[in-house]
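Residues 1 to 445 (the UniProt record's numbering) make up the sequence shown, in order. Okay, structure first, notes after.
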Amino acid sequence: MIGSDVDTERKTAGYLAARPPTLEIFPSWPMSHLQQPYSGNSHSVGSTTESSSGQNSMPQTELVSPGSMRADSGQRQELLMVTVDDYNYEQGLGAAATTAPIFQQHAAGQDKGKHGSTRKDGRLLDAKTERRLAQNREAARKSRLRKKAYVQQLETSRIRLQQIEQELHGARSQGLFPGGGGAAGDLSSGAVIFDMEYARWLEDDTKHMTELQAVLQPQIIDANLGAIVEDCMRHYDELFHLRAMLARSDVFHLMTGLWATTAERCFLWMGGFRPSEILKMLIPQLDPLAEPQLIGMYNLQRSSEQTEEALVQGLQQLHQSLADAVGASPLSDGANVANYTALMALALDRLDTLESFYRQADSLRQQTLHQMRRILTTRQTARCFVSISEYHRRLRALSSVWASSRPPTPPSEGVVAAAENVSPTGTTTEQALPPYHHSQPFPGF
């Protein structure tokens, strides 16, 4: 048994002695690690390295026992295990160092898609912040578009305003347009804007009525009749909104009817149409009506008359209060500036109530139209709108016909009329007296 071990050792030694030294071309592990001692087993690694180099450089002449061979094999196996572990550890470190940037880039890409993007300064934005920034950018873009459209609308309105002012000035000089009773220079800016918007409203109203008349033909059944009627109702609501805006700044322009034609002013009630009179005019136009509809229309007319009577009484009391405030002091004491200022302040307090009365009257007109819409059918309401529009159109046409039929007054006619007013005794009558102008009633003020 011992002899066989000796023979095996000799054969191994001869093979190792005859084997040429190997080059580090494709080592299974780096040869440099075999030449560097491991920190944990420096003694065993060094001895094994020396023995390996001795075997590769010169033939082995010593005979070793089987026990030493087993010990040497154990040390060699331990050396191989330590070297492989060291190699795997350093290789893992190198691979980790190589793949770390790639992993970081991949993780950064995942974080970017999951949490947001990175700014120029390197700050990472989460998804919520990125979404909010995108919403802010979109809102800013829409705001710029709205601002651009608003500026264009202002420019168009300015050009339109100049055109309408020229038309108003030419029409008022002939007395053919609403507001012909006053000069353009006597109107406030709010009144001029209202007259301009009212002219536009009349043009749109003509278009609406033309459309309604086309739909109301007996042989035509239009499913869009309800939508057209609602457009007409909104059209009237727009007019009431314009009137309410002007009432804050110049209620006298509305109450006196300077925005209407001369014939329309004769039928004005507190700056507009009288609801009970309109209902009285519409009921025969809607014949035949169902019994519930007829009762509803008469009840609406009766309630409108009651509200109108209450407003008329309140307006009369306001007129009396204004007259008492203006004539509170002796009227001959016109040069007293302090007294005049106190009277004007008291009268202005009374005039604040005038706007309230006008608003109530306009609210009654608007509510009457809406109540009528609830009582009548869609087709009947359309006929009501057409009748109201035609009624006011005829009044405006009457004003134009009356203005055009008036003969021109020569300048000398006034002098002849004044001469005819001379009495036989040589004195003139009251009509021939020159008018008294109150241009400066209080020079001191």
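Just so it is clear, CB atoms sit at the ideal spot from N, CA and C, and this is done for glycine as well.
Proximity below 8 Å, CB of residue i to CB of residue j
i, j, result
"Glu-203", "Ser-399", "no"
"Val-386", "Leu-212", "yes"
"Val-251", "Glu-355", "yes"
"Ser-321", "Thr-368", "no"
"Gln-366", "Phe-240", "yes"
"Leu-216", "Arg-383", "yes"
"Thr-381", "Val-229", "yes"
"Leu-343", "Ala-328", "yes"
"Glu-309", "Arg-274", "no"
"Met-233", "Arg-393", "no"
8 Å contact criterion, which residue i and residue j should meet: CB distance rounded
i, j, result
"Leu-346", "Ala-325", "5 Å"
"Trp-269", "Phe-194", "Not confirmed; about 19 Å, so no contact."
"Gly-190", "Leu-246", "5 Å"
"Ser-188", "Ser-249", "7 Å"
Endpoints, alpha helix (DSSP H) assigned at residue i
i, result
"Ser-303", "291–326"
"Gly-226", "225–249"
"Gly-190", "189–215"
"Leu-279", "275–285"
"Ala-263", "262–265"
Proximal residues to residue i (C-beta, below 7 Å), its chain only, five neighbours per side dropped
i, result
"Gln-360", "Leu-311"
"Asp-231", "His-208"
"Gln-301", "Ser-276, Leu-279, Lys-280"
"Asp-349", "none"
"Gln-293", "Ile-375, Leu-376"
"Asp-287", "none"
"Ala-140", "none"
"Pro-411", "No answer about Pro-411 holds up, because its pLDDT of 47 lies below 50 and its placement is not dependable."
"Arg-137", "none"
"Tyr-391", "Met-281"
Close beta carbons around residue i, own chain, < 8 Å, minus the five adjacent residues each side
i, result
"Leu-242", "Phe-194, Glu-197, Tyr-198, Trp-201"
"Asp-205", "His-235, Ser-389"
"Asp-237", "Gln-366"
"Tyr-358", "Ala-247, Val-251, Leu-254, Met-255, Met-270, Gly-271"
"His-437", "Its pLDDT being 41, under 50, His-437 is placed unreliably in this model, and the coordinates cannot settle the point."
"Arg-379", "Leu-216, Leu-225"
"Glu-155", "none"
"Leu-364", "Pro-275, Ser-304, Thr-307, Glu-308, Leu-311"
Identity of the residues DSSP links to residue i by a beta bridge
i, result
"Trp-402", "Looking at the DSSP assignment, Trp-402 forms no beta bridge with any residue, so it has no partner."
"Gly-271", "Note: Gly-271 sits in no beta bridge, so no partner."
Cutoff 6 Å; reference residue i; Cβ partners in own chain excluding five residues on either side
i, result
"Ala-244", "none"
"Gly-257", "Arg-265, Leu-268"
"Gln-163", "none"
"Gly-296", "Ile-375"
"Gln-316", "none"
Cβ-heavy atom distance, residue i to the ligand HEM, below 7 Å
i, result
"Met-281", "No copy of the ligand HEM appears in this structure; indeed no ligand is present at all."
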